[in-house]
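Q: I have a structure here, written as structure tokens, and I will follow up with some questions on it.
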Amino acid sequence: MTDRKSQIDDYVREVASHLKLRGRARRQALDDLRDALREAAEAVDDAIKAAGRAQDYAASLDDQFGTRDGRFQTILGAPNSLGRGIGRRMAGTFNPLDERLLVPRVFGIGWAVNMGAVAVKLGWLRPDDLDDEVLAEAADHLMGPAQLAAGAQIGLAAASAVLFWNRRNLVRAETGQSQTANSVFSVATPMVCAAILTASNDRKLPAETRVTMPALAAALATIATGASLQSAVRPKGQLIVLGASLAALVDLLLLSYLPVRSALERGWRADLDWRNHV
Numbered sequence: 001m002t003d004r005k006s007q008i009d010d011y012v013r014e015v016a017s018h019l020k021l022r023g024r025a026r027r028q029a030l031d032d033l034r035d036a037l038r039e040a041a042e043a044v045d046d047a048i049k050a051a052g053r054a055q056d057y058a059a060s061l062d063d064q065f066g067t068r069d070g071r072f073q074t075i076l077g078a079p080n081s082l083g084r085g086i087g088r089r090m091a092g093t094f095n096p097l098d099e100r101l102l103v104p105r106v107f108g109i110g111w112a113v114n115m116g117a118v119a120v121k122l123g124w125l126r127p128d129d130l131d132d133e134v135l136a137e138a139a140d141h142l143m144g145p146a147q148l149a150a151g152a153q154i155g156l157a158a159a160s161a162v163l164f165w166n167r168r169n170l171v172r173a174e175t176g177q178s179q180t181a182n183s184v185f186s187v188a189t190p191m192v193c194a195a196i197l198t199a200s201n202d203r204k205l206p207a208e209t210r211v212t213m214p215a216l217a218a219a220l221a222t223i224a225t226g227a228s229l230q231s232a233v234r235p236k237g238q239l240i241v242l243g244a245s246l247a248a249l250v251d252l253l254l255l256s257y258l259p260v261r262s263a264l265e266r267g268w269r270a271d272l273d274w275r276n277h278v
């Protein structure tokens, strides 16, 4: 508090050195300034006291937004995303405020790419562009194209699963390996993607989660398409799967970014129209 009082006195003296007022008005103006600064300083002190100890406040934030130690749980150094918090991890795949490029994956063990940070690094967004209003606008009104794109990709994944299912015996004969796991993945994944896409319409979910769901559904469906086609056409190769993995990253970036960008542009146009009518 002493340091703050000294800072206030120094500031008042500096103001006084530039002030042209004289006499009683000068003294009154400087006294009023000093009193106002001291009241503001007391308000800061009161706010800090109300927040409590720094370590206690940090622990409460960790409980609310992360794990108790402020980090995600890990297994052998890799994030463990097998527990609760899937919605928060979905939102984390497109979070411009988070500078990290790698974040815990939505489900499983390992990492996912934070496409929000990628968009910032590409200059497409600023970290502070997204707020609750923008996210709500994007989630409630502007996800149609992204949902259609995701639906089309899910359709391709289902068609690829049918192709692989029809060729599974030939693939087993060619590779000498059971195709049960591949068959289950090919059939089940489009169903999971369809469930995620359907859930993106649920307005009970947070907007920041819903905005990412078409992108996640499309990306997973793209990977499933590549895996099914690889198994059906070139079961001993990897090129199709690698290409599908790269395409999935594009899905994650564009299908999350475009609804948000549309919401931002709608807001900018509304502000411009308002200014033109004022």
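Residue numbers (this note's numbering): 1 to 278. All residues carry an ideal CB built from backbone N, CA and C; glycine is no exception.
Mind checking who Val103 pairs with in its DSSP beta bridge?
A: Answer is Ala112, bridged to Val103.
Q: Suppose you measure from the CA of Asn182 to the CA of Gly87; what does that come to, to the nearest Å?
A: Near 27 Å, if we compare the C-alpha coordinates of Gly87 and Asn182.
Q: Quick one: give me the first and last residue of the alpha helix (DSSP H) that Asp251 is part of.
A: Leu239 to His277 is the span of the alpha helix (DSSP H), which, as asked, contains Asp251.
Q: Judging by CA-CA distance, which residue of Leu21, Ala227, Arg26 and Arg105 is the nearest neighbour of Ala159?
A: Ranking the options by Cα distance to Ala159, first place goes to Ala227.
Q: With a CB to CB cut of under 6 Å and the five nearest residues on each side skipped, what residues in its chain are close to Gly66?
A: Because Gly66 sits at a pLDDT of 48, beneath the cut-off of 50, its placement in the model cannot be relied upon, and the following sentence gives the value as read from the coordinates. Answer for Gly66: no residue qualifies.
Q: Mind the definition here: the segment 93-103 touches the segment 115-133 only if three or more C-beta pairs lie below 8 Å; say whether that holds.
A: Yes, the segment 93-103 touches the segment 115-133.
Q: Once the 5 residues before and after Arg234 are set aside, which same chain residues still bring their CB inside 8 Å of it?
A: Answer for Arg234: Ile240, listed in chain order.
Q: For Thr209, does the count of other Cβ atoms within 10 angstroms reach 16, so buried, or fall short, so exposed?
A: Buried is the call here.
Q: Taking Asp46 as part of the alpha helix (DSSP H), name the residues at either end of that continuous run.
A: Asp46 -> alpha helix (DSSP H) spans Gly23 to Ala51.
Q: Gln230: which of Arg266, Val171, Ala218 and Glu265 sits nearest, CA to CA?
A: Gln230 has its Cα closest to that of Val171, out of Arg266, Val171, Ala218 and Glu265.
Q: Go ahead and label Gly237 buried or exposed: buried means 16 or more other beta carbons lie within 10 angstroms of its beta carbon, across all protein chains shown.
A: That one is exposed.
Q: Quick one: what does DSSP say Gly144 is sitting in, helix, strand or coil?
A: If DSSP states are grouped into helix, strand and coil, Gly144 belongs with the helices.
Q: Using the C-alpha atoms, what's the distance from Thr175 back to Asn169?
A: Roughly 10 Å between the two C-alpha positions.
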